[in-house]
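Asks: If you're matching positions, the sequence shown starts at 0 in numbering that gives the first Met the number 0 and goes up one per residue. The beta carbon of each residue, even a glycine, is placed where N, CA and C say it ideally should be.
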Amino acid sequence: MDFKHPKEKVLSLIEKTRNVFKTILSGIRKTRRIVFWIIFLSLTVVGGSYFYYVYIDRKDMPDIRPFIRFEPPVIGQIKDSNGQTVIELATEYRRIVSYDQIPPVIREAILSAEDSRFFSNWRIVHHGIDYFAMLRAASYNLPDTARATYHNDWKITVINSQGASTLTQQIVRLYFLSNLTSRENLDQLINEGLIARISAYLVGARTTNEYIRKFSEIKYSVWLEKELTKHYGSRTEAKRQIFIRFANYTYFGNGRYGVEAASEYYFGKRASELTRDDTDKAALMAGMIKNPSVYGPRPNQSDKARETQKKRRNQILYLMAEEGYINTGQKDRLIEKELELSFKRERTIAPSIVNETFNEIKSEKFEIQNIFQGNINIHTTVDLRIQKIVNESCENGLAEYEKRHPTKEGQAQCSAIVLKNNNAAILAEVGGRTIYQGRNYQYSDLNRVNRARQTGSAFKPFVYLTAFMNGRKPTDIISDSPVAISMGYGRGNHWIHNYDGKYLGSINMCEALYRSRNAPTVRLTLGLGQGSFDESGMKKIVDTAKLLGVKSPFHSDVDHLGRTIYYPTSALGASEMTVMELANAYREIASGISAEPYVIEKVIDRNGKILFEKKEDRQISEISPEALDMVRSCLRKVVTTPGGTAYSLTLEKLPVPIAGKTGTTDNFRNALFAGWTHGIEGITVVARVDFDDNRPLNSENDNIKETGARTALPIFKEIIEKVYEQNLVGPAPQFPDEIEHPEKYNNLTLDPVQ
C-alpha cells in the first residue's frame, strides 16, 4: 500500500491547484490576447473604414458647381415704372447678402452659438468637422443616455443634450442632404447593429437613419471644405463662402430665411445696419437658429414665449462673453434688456395692381411660382406716387361720404383707375378696401375695378358718339320731352323721366349730353333705328361700345323672329360695365388710339436677362376723328358750361382742363365720374363709389342725393389736381380751340367759319 505523509498530500494538492490556476491563467491570457486582437482589429477595421469613407471615398459625390453659384429661392419683386417695389413675394423670404455686408456683431453671435472654432487656423481642429466638439458632446451625451436608460428599465433611451455639428455640417444638411430619404439611408448601411448604435450615440444620433445622416454630414463636410479651398485658392476664403451660405440659407422663423430678411422683419432694419449697440439683437437672431419655431418671436405672443426667447438670447450673450467678443460688464448689462422688436408687415399699397399683374403674367405663359422663387422680377407701368394719390383720394372721398352717413362708416367702396391716354398703360388702380378705422385702412385683394356695375349717365357719351358717327351734329335739335319705350310683348310701356323731373323742350344734342338729359338720350337712341322708334338703334350703340373695347354683355332679349333686341334703357347706363372698360373707352375717345390696358412692361430673370418686353399694339381708332372731336367738345362743356353736371369744377377753379361725365344709377346705388386730360399726352381717370351688396348709397329718410357729382367727382378732382400739381405725368395738356370753342368751326372739321 502506497503511503504518503500528510504533508506530502497537502503539497500535492497545492501543486494540483497551482496547475489548475496556471491552466486557467494561461487560458485567460490567451483569451485576453484574443479579445485584444478582436478589439484591435475591429477598431482598425472601423477606423480604417471611417477614414476611407470620410477622407478617401468620393464616389457619387454631388456636383459642387450649383453650390458655388448658390441660387436659392429668393424674393421676387413687382416694381413700378421708377424701379420702386410694389410688393415682394416669396416662398422663402430671403435676401442674399455678401460676407462683408454682414456686420461683425452678427458673425460673432452666430459663431458663438453654432461653431466657435469655425475659423480656427489649425486644420486638424476644424476641417469641416470638429473632433473636439464631438468628444465634448459625447462626454455629456453618454452619461446622460446611461442614466436615462437605467431609469427607463434598461430600455435604451438616447439623450442628446449637447450637439457637435459645425457650420459646414449644418449647411451640408440644409443644402445637400435635406431630401435624403429613409430608403436611401438604408441602402447605404447594413442592418442596425451594436457598432452602429454606439457610433450613432458618439456622433449625436438616435437612429440608424440619423447615424447615416451624421456620417454623410461628416463626409460631405470634409469634401466640401476641400473642394472650396481648391476652387477659391484659400482655406480662409472657403470658410467665408461656407459662412455666407449658412447665413443666407438658414431659417429664422416667421417665413424669413437668412440674416438680412430676419433682421428686416424682427428689427425693421437691414443686417448691415446692426452695430455693437445691437449686440442683444444679434444674439437673439443667432439664438433662433437652434429652433426657429420656439426662439423666433411672433407678434402678439405670450409672456412665456417672450421669456423663453429672452433666456435663449442670454445664453448666446454668455457664449459671446466666453469667446471674448463682449466683456462681462457688457454681458451683464445686455442680459437685463427686454426684447426690442419691430415687426415689419409685408403689405402693399397696390393689391389691385398685384392682381392685374398675376392675371397678365399667366396670359404670357409664365408660371406664378417663378416670381415666388425669385426667378423673375416684373417691371410694371404703375407709378407708386400716383398710386398713393389715388389711395388717399379714395379714402378722403369715402371719409366725406361717411360724414354725411355716419351709420355706414367703413362699408362703402371706392374703385378707381388711372390710364395713360397714348397706350392704355395702367398708372394706378384701387379695387376697394377691407377695413376702415379712422384714417387707418388696408386695401383689398378683391379688385372691384373689374367688377361690372351699372354706369348710369356715364354711358351717355356712347349714345351721342354713335349719333355723330351716323351723321348727326352737336347742334342738331332734339326734343327734351316725355318719351315712352316698350318693355317687351305684353309688358306695356315705360315712361322715361329726367333726373330733375323737368323738361326743357327743344335743345341741341350737345346740351342734352352735357346737361345729362334722359328723355332726349332715349329719343335719340330710338331714332338711330331703322324706324323712328326701333330698338335696333341700341344695337348700333352696342357696336360702338364694342369698338371702344367694352366686352361686358348688354341687357337684351330675343324676339319671335329670333333676333336679339337690346333694351333702350341701356342707353341710360342700365347695363353693367367694369371700371376698367369704362376708363379704356373714355381713354380712346380722348386720344383716338385703340389699345388694351396693360400693367406689365417687362419681365427679367434674376440675372437681369429680359424674358418679356411689352410690344406696342396700339392702333388708330376705327371711330372717325370728326365724331370723336364732337363728343369731346360736348364732354368738355360738362365742366365749363353752367348746367353741366361737373360745372362745380369750374366754380372751384380746378387748374387742370378736363372733360368727362358723371354717372348715377337708379336709387343712387352707384356714383361715378369718368374724365380725362386732353390728347395722347393726357391721362384718363375713373372713380366709382358703391357698396358690395349694391344697396343705395343714400340713407333712409334723408334728402342727401349721392350722385356722381357729389360722391365720385371730388375723388376724381383730387387725383387729377395732385397728379399735375406734383408734375408726375408732365404739364397738363390744353384743349385745342376747336374743342373749347366749337361754335367757331363748321361741325368741328377744323375749317374756320368764314
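1) State buried or exposed for Q240, treating a residue as buried only when at least 16 other CB atoms are found within 10 Å of its CB.
2) With respect to the beta strand (DSSP E) encompassing I599, which residues constitute its N-terminal and C-terminal limits?
3) So, for V602: in the same chain, excluding its five sequence neighbours on each side, which residues have a beta-carbon less than 6 Å away from its beta-carbon?
4) Rounded C-beta distance between I385 and L727? I'm assuming under 8 Å.
5) Would you mind working out which of Y513, Y317 and A427 sits nearest K459, comparing C-alpha positions?
6) Just to confirm my understanding: we take P735, look at its own chain, exclude 5 residues before and 5 after, and list those with CB closer than 6 Å. What are they?
7) In angstroms with no decimal places, state the Cα-to-Cα distance between D616 and V221.
8) Can you give me the C-alpha to C-alpha distance between D59 and T228, rounded to a whole angstrom?
9) Along the alpha helix (DSSP H) that carries V549, what are the first and last residues, could you check?
10) Using a threshold of 7 Å, state whether the C-beta atoms of V688 and L464 are closer than that.
11) So, at 7 Å on beta carbons, what are the nonlocal neighbours of N583 in its own chain, with the 5 sequence-adjacent residues on each side left out?
12) Just how far apart, CA to CA, sit G430 and P291?
13) Roughly how many angstroms separate the alpha carbons of C633 and I738, rounded to a whole number?
14) With distance defined between alpha-carbon atoms, name the residue in N247, S111, T307 and T520 nearest to Y98.
15) What residue range does the alpha helix (DSSP H) around Q300 cover?
16) Hey, could you find the ends of the beta strand (DSSP E) S478 is sitting in?
17) Would you grab the beta carbon distance between V598 and T379 for me? Rounded to a whole angstrom, and I think it's under 8 Å.
18) Are V448 and M579 close, meaning C-beta to C-beta below 7 Å?
19) What residue range does the beta strand (DSSP E) around A411 cover?
20) Tell me whether Y565 is buried or exposed, calling it buried when 16 or more other Cβ atoms sit within 10 Å of its Cβ.
21) Just to confirm the assignment, what range does the alpha helix (DSSP H) spanning V521 have?
22) Is the Cβ-Cβ distance between Y585 and A673 less than 7 Å?
23) Report the residue from V655, S271 and L283 whose alpha carbon sits nearest the alpha carbon of F251.
24) Starting from the C-beta of V655, find all residues in its chain whose C-beta is less than 8 Å away, skip the five residues before and the five after it, and write them out in chain order.
25) Rounded C-beta distance between G389 and A427? I'm assuming under 8 Å.
26) Going by CA-CA distance only, name the one from G396, K387, G536 and A544 that's closest to D79.
27) Enumerate in chain order the residues of its own chain whose CB-to-CB distance from K15 is below 6 Å, with the five nearest sequence positions on each side excluded.
28) According to DSSP, is I367 part of a helix, a strand, or is it coil?
29) Please look up how many angstroms separate the CB atoms of A670 and T644, rounded, as I've assumed it's under 8 Å.
30) Can you tell me which residues form a DSSP beta bridge with T661?
31) Find out if the Cβ-Cβ distance for the pair T356, I592 is shorter than 7 Å.
32) Name the two residues that bound the continuous beta strand (DSSP E) containing D556.
33) Name the two residues that bound the continuous beta strand (DSSP E) containing V429.
34) Tell me which same chain residues have a C-beta within less than 7 Å of the C-beta of L333, skipping the five on either side of it?
35) Do Y92 and G286 have their CB atoms nearer than 7 Å?
36) Residues in the same chain with beta-carbon distance under 7 Å from K309, minus the five sequence neighbours each way, listed in chain order, please.
Replies: The relevant details are as follows:
1) Locating residue 240 in the sequence shown gives position 241, counting from the first residue. By the neighbour-count criterion, in which a residue is buried when 16 or more other Cβ atoms sit within 10 angstroms of its Cβ, Q240 is buried.
2) Counting from 1 along the sequence shown, the entry for residue 599 is found at position 600. Segment I599 to D604, the beta strand (DSSP E) holding I599.
3) For the purposes of this step, residue 602 is taken as the residue at position 603 of the sequence shown. So the qualifying residues of the chain are I375, I377, L610 and F611.
4) Counting from one through the sequence shown, the residue named residue 385 turns up at place 386. Counting from one through the sequence shown, the residue named residue 727 turns up at place 728. Contact holds; Cβ gap of about 6 Å.
5) Here the question's residue 459 lines up with position 460 in the sequence shown. Ranking Y513, Y317 and A427 by Cα distance to K459 puts Y513 first.
6) Working through the sequence shown from its first residue, we reach residue 735 at position 736. Excluding sequence neighbours, P735 sits near nothing in its chain.
7) Here residue 616 refers to the residue found at position 617 of the sequence shown. Here residue 221 refers to the residue found at position 222 of the sequence shown. Distance between the alpha carbons of D616 and V221: 58 Å.
8) Within the sequence shown, the letter at position 60 stands for residue 59. Within the sequence shown, the letter at position 229 stands for residue 228. Whole-angstrom Cα-Cα distance: 20 Å.
9) The sequence position of residue 549 within the sequence shown is 550, counting from 1. Segment: none, V549 is in no alpha helix (DSSP H) and carries neither H nor E.
10) Within the sequence shown, the letter at position 689 stands for residue 688. Within the sequence shown, the letter at position 465 stands for residue 464. No, these two residues do not count as a Cβ contact at 7 Å.
11) Locating residue 583 in the sequence shown gives position 584, where the first residue counts as 1. L418, A423, G548 and P596.
12) Taking the first residue of the sequence shown as position 1, residue 430 is located at position 431. Taking the first residue of the sequence shown as position 1, residue 291 is located at position 292. CA-CA distance, G430 to P291, rounds to 37 Å.
13) Position 634 of the sequence shown, counted from the start, is the residue given in the question as residue 633. Position 739 of the sequence shown, counted from the start, is the residue given in the question as residue 738. For C633 and I738, the gap between their C-alpha atoms comes out near 8 Å.
14) As a working note, residue 98 is residue 99 in the sequence shown. When each option's Cα is compared against that of Y98, the closest is N247.
15) Looking up residue 300 in the sequence shown gives position 301. Looking at the DSSP string, Q300 is not in any alpha helix (DSSP H), and its letter there is neither H nor E.
16) On the sequence shown, residue 478 is found 479 positions in, with the first residue counted as 1. Residues I476 to D479.
17) Working through the sequence shown from its first residue, we reach residue 598 at position 599. Working through the sequence shown from its first residue, we reach residue 379 at position 380. Contact between V598 and T379 holds, with the beta-carbon distance rounding to 5 Å and staying under 8 Å.
18) Position 449 of the sequence shown, counted from the first residue, corresponds to residue 448. Position 580 of the sequence shown, counted from the first residue, corresponds to residue 579. Yes; because the gap between Cβ atoms is below 7 Å, this pair is in contact.
19) Against the sequence shown, residue 411 aligns to sequence position 412. Taken as a continuous stretch (DSSP letters only), A411 belongs to no beta strand (DSSP E), as it is neither H nor E.
20) For the purposes of this step, residue 565 is taken as the residue at position 566 of the sequence shown. The residue in question, Y565, is buried, as its Cβ has 16 or more Cβ neighbours within 10 Å.
21) Reading the sequence shown from its first residue, position 522 is the one you call residue 521. Unbroken alpha helix (DSSP H) run through V521: N517 to G526.
22) For this step, residue 585 is matched to residue 586 along the sequence shown. For this step, residue 673 is matched to residue 674 along the sequence shown. In this structure, Y585 places its C-beta atom within 7 Å of the C-beta atom of A673.
23) Residue 251 sits at position 252 when you count from the first residue of the sequence shown. The shortest Cα separation from F251 among V655, S271 and L283 belongs to L283.
24) In the sequence shown, the residue the question calls residue 655 occupies position 656. Beyond the five residues adjoining it in sequence on each side, V655 comes within less than 8 Å, by CB distance, of T676, I719, E720, Y723 and A731 in the same chain, given in chain order.
25) Within the sequence shown, numbered from 1, the residue matching residue 389 stands at position 390. Within the sequence shown, numbered from 1, the residue matching residue 427 stands at position 428. Just to set this straight, residue 389 is Val in the shown sequence, not Gly. Correct: roughly 4 Å between the Cβ atoms.
26) Sequence index remark: in the sequence shown, residue 79 carries index 80 (1-based). Out of G396, K387, G536 and A544, the CA that lies nearest to the CA of D79 is found in K387.
27) On the sequence shown, position 16 is the one that residue 15 refers to. Cβ within range, chain order: n/a, list empty.
28) For the purposes of this step, residue 367 is identified with residue 368 of the sequence shown, where counting begins at 1. I367: helix per DSSP, three-state reduction.
29) Along the sequence shown, one-based indexing puts residue 670 at 671. Along the sequence shown, one-based indexing puts residue 644 at 645. Taking C-beta atoms under 8 Å as the contact rule, A670 and T644 fail to qualify, at a distance of about 12 Å.
30) As a working note, residue 661 is residue 662 in the sequence shown. Partner(s): F672.
31) Here residue 356 refers to the residue found at position 357 when the sequence shown is read from its first residue. Here residue 592 refers to the residue found at position 593 when the sequence shown is read from its first residue. Cβ distance not < 7 Å, so T356 and I592 don't count as in contact.
32) As a working mapping, residue 556 is identified with position 557 in the sequence shown. According to the DSSP assignment, D556 belongs to the beta strand (DSSP E) that extends over S555 to V557.
33) Translated into the one-based positions of the sequence shown, residue 429 becomes position 430. Membership of V429 in the beta strand (DSSP E) is indicated by the continuous run I425 to V429.
34) Reading the sequence shown from its first residue, position 334 is the one you call residue 333. The answer, listed in chain order, is T278, D279 and L316.
35) As a working mapping, residue 92 is identified with position 93 in the sequence shown. As a working mapping, residue 286 is identified with position 287 in the sequence shown. No.
36) The sequence position of residue 309 within the sequence shown is 310, counting from 1. Contacts found: L338.
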